[in-house]
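Before any comments, here is the structure.
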Amino acid sequence: EAPVFCWQCEQTKSGEGCVAGGACGKTPETAALQDLLMHTLKGLGRAAIRAGKEGEAGTGRFVLKALFATLTNVDFDPDSLASLIREAAARRGALGGGAGGGPAFAPDAGTGTLAEAGRACGVDRDAPSPVLASLRETALYGLKGLAAYAWHASALGREDPSLFAFACGLLAKCLDSTLGVPDWLALALKTGEANLAAMRLLDEANTGAYGHPEPVSVPLGHRKGPAILVSGHDLKDLAELLEQSEGAGVTVYTHGEMLPAHGYPGLRRHAHLHGHFGTGWQNQRRELPAFPGAVLFTSNCLQGPAPAYAGAVFTSGPAAWPGAPRIQAGPDGAGDFAPVIEKALGLGGYPDDAGGGSLRTGFARNAVAGLAGRLIGAVKDGLVGRFLLVGGCDGGRPGRGYYREIVEKAPPDTVILTLGCGKFRFNDLDLGDIGGIPRLLDLGQCNDAYSAVQIALSLAEAFGTGVNELPLRLVLSWYEQKAVAILLTLLHLGVRNILLGPSLPAFIHPEVLRTLVDGYGLAPISSAEGDLEQILAG
4 EAPVFCWQCE QTKSGEGCVA GGACGKTPET AALQDLLMHT LKGLGRAAIR
54 AGKEGEAGTG RFVLKALFAT LTNVDFDPDS LASLIREAAA RRGALGGGAG
104 GGPAFAPDAG TGTLAEAGRA CGVDRDAPSP VLASLRETAL YGLKGLAAYA
154 WHASALGRED PSLFAFACGL LAKCLDSTLG VPDWLALALK TGEANLAAMR
204 LLDEANTGAY GHPEPVSVPL GHRKGPAILV SGHDLKDLAE LLEQSEGAGV
254 TVYTHGEMLP AHGYPGLRRH AHLHGHFGTG WQNQRRELPA FPGAVLFTSN
304 CLQGPAPAYA GAVFTSGPAA WPGAPRIQAG PDGAGDFAPV IEKALGLGGY
354 PDDAGGGSLR TGFARNAVAG LAGRLIGAVK DGLVGRFLLV GGCDGGRPGR
404 GYYREIVEKA PPDTVILTLG CGKFRFNDLD LGDIGGIPRL LDLGQCNDAY
454 SAVQIALSLA EAFGTGVNEL PLRLVLSWYE QKAVAILLTL LHLGVRNILL
504 GPSLPAFIHP EVLRTLVDGY GLAPISSAEG DLEQILAG
């Protein structure tokens, strides 16, 4: 097969890009289909703009769903991607749009034909200039992250037509050859601004549906009996599964980024939501063979299932793996999780009860607001010298031990804020407390980044200063496109001196990096000791 180039995630081959197959596990066929889907979405965006329908809900929801499917570790199923391509083309045609200079294909084209067409739609790294291409892809990857946040919010009934319009507009601009480097730099920052709105919308959707998270200790042990493990990010799917499995004799556990779900009162009220299993998403093929139940992946962070548990895997929402059953919506619009429950009951589950310690989570913006007075007092009294926000995406590439080391070596007067699955590098550490305030505060999922932003803004307001003048430093890890969206949001807000690792994005051209270093002080991580020395001296 002809190679298909991809460089959108942190683990690209040699730090440059994957060609023979994705480090994530996607095949050249899947990569080509994703490239064709992106090209078709650009044409759909342009057609929607020309028809004055860019804010229309039907088009907007579809664009979010289709963009989400192209995120790293989401949709690996060629048939699923082909279906999205056909629908995108049909919607484009209904709005009066054509192929837009790309390959034309019949409405009923087979998956193989579509994949072949997709080989002509990959990333153009050189035309019209490498710098422009870098900025365009940066904005596009940020848009993919935005789409994930907005899609989760939409599933809970919270939508903003301006976000639909922004997504269509940015996609359309990818076909505009008159735009130059300054235009795309501005569009990348505009994507960060739009993503802030998407994260606010998701925060309102989650807290409106399930209440504001509260601090809670989550067991790491298990209960005797049938078990279901829920991974990914989607709280709505977890809520529906809990409702449908009430009284069925199963215990539901979280995995990966679903750990913070335990902090929501509306989810915690289900007594059979018991504990958490496993660590970062990249360890699933090693850890999940030990889980004796059904496994549900609700969004990204899906890897190809190992043979030991492949027959127990289900997907829902945008996630898809060839051969894995995908949960379908029932007559009321909710997912029908009966197959997952039935599989768990058939597998039998754990033979006995077992303890295993616990993890703390639930320190979202409302919970931290309740600690604000004590935190501010502790800073003024000299008990708290600095805040470090250490978080983001986890991953398998060497170098991520840095994040555990910087937390371990941070002075005892440092409060560690964290969010995302990057916390699994160090959330097992007992850091103690400062005057009754835990030194490690888990703010939630990467989907809860709005909480982190609001906490920083609230602290700045309380101290009568700007965010950059706070005793706060951001040390971030990235892996996929939601992390790109969050970084663009932070740059839009003017946050400076962010440390980013474990490696810099391959799609960031050296000239673009220079602009970010000069304008925002963005810097790659070095050594934990060296970075801490520089942070503490600042």
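Number 541 marks the last residue of the sequence shown (our numbering); no jumps.
C-beta: ideal position from N, C-alpha, C; glycine also.
When DSSP reads this structure, ILE501 sits in no beta bridge, so it has no partner. Assignment of ALA323 by DSSP, reduced to helix, strand and coil, places it in the strand class. For THR421, the CB contacts under 6 Å within the same chain, skipping 5 residues up- and downstream, are VAL393, GLY394, ASP445 in chain order.
With distances taken between CA atoms, ASP163 lies nearest to GLU57 out of VAL298, GLU57, GLY259. By the Cβ test, the stretch 230-239 is in contact with the stretch 297-312, since at least three Cβ pairs between them sit closer than 8 Å. THR114 is bridged by DSSP to nothing; it lacks a bridge partner. ILE379: member of the alpha helix (DSSP H) spanning 368-383, first to last residue. The shortest C-alpha to C-alpha distance from CYS396 to any of ALA370, GLY404, GLY423, ILE379 is the one to GLY423. For the stretch 52-84, not one full-length beta strand (DSSP E) segment reaches 3 residues or more. In the assembly as shown, PRO185 is an exposed residue. Its beta-carbon has fewer than 16 other beta-carbons within 10 Å.
Going by beta carbons, SER480 and GLY399 fall outside the 7 Å limit. Closest by C-alpha distance to LEU241, out of LEU223, ASN209, ASN369, is ASN209. Straight through space, the alpha carbons of GLU472 and ALA151 are spaced by roughly 31 Å. Note on SER137: 16 or more other CB atoms within 10 angstroms of its CB, so buried under the neighbour-count rule. Taking a 10 Å sphere around the C-beta of GLU249, we find fewer than 16 other C-beta atoms and assign the residue as exposed. About 20 Å separates the Cβ atoms of ILE501 and ARG368, ruling out a contact at the 8 Å cut-off. In this structure, DSSP gives PRO441 an extended state, which the three-state scheme calls strand.
Around the beta carbon of ARG272, a 10 Å sphere encloses fewer than 16 other beta carbons of the protein chains shown; the residue is thus reported as exposed. When GLY296, GLY214, PHE294, GLY283 are compared, the shortest CA-CA separation from GLY269 is found for GLY214.
Of the other Cβ atoms in all chains shown, 16 or more fall within 10 Å of the Cβ of ARG94; this residue is therefore buried. DSSP places PRO106 in no alpha helix (DSSP H); its state is neither H nor E. About 11 Å separates the CB atoms of PRO106 and ALA118; that is not less than 8 Å, and the two are not in contact. Within the model, the alpha-carbon separation for GLY388 versus ALA168 is close to 44 Å. In the three-state reduction of the DSSP assignment, THR468 falls in the coil class. LEU245 and LEU276 do touch by the CB rule: their CB atoms are close to 6 Å apart, below 8 Å. Taking 3 residues as the minimum length, the beta strand (DSSP E) runs contained wholly in the stretch 244-283 are 254-257, 276-279, in order along the chain. The continuous stretches of alpha helix (DSSP H) do not include GLY388, and DSSP gives it neither H nor E. Beyond the five residues adjoining it in sequence on each side, ALA526 comes within less than 8 Å, by CB distance, of ASN500, ILE501, LEU502, LEU503, VAL520 in the same chain, given in chain order. Looking at the DSSP output, HIS225 bridges to ALA357.
Between TYR312 and PRO292, the CB-CB gap stays under 7 Å.
Taking 8 Å as the upper bound for CB-CB distance, ALA337 and GLU243 are in contact here, some 5 Å apart. Pairing ASP80 with SER86, the inter-Cα distance amounts to about 10 Å. For THR318, the pairing in a beta bridge is given by DSSP as PHE300, ARG329.
Buried is the label assigned to THR364, since at least 16 other Cβ atoms lie within 10 Å of its Cβ.
Linking PHE390 to ARG476 through their CA atoms gives a straight-line distance of about 7 Å. Bounds of any beta strand (DSSP E) do not take in THR492; it lies within the alpha helix (DSSP H) bounded by 484-495.
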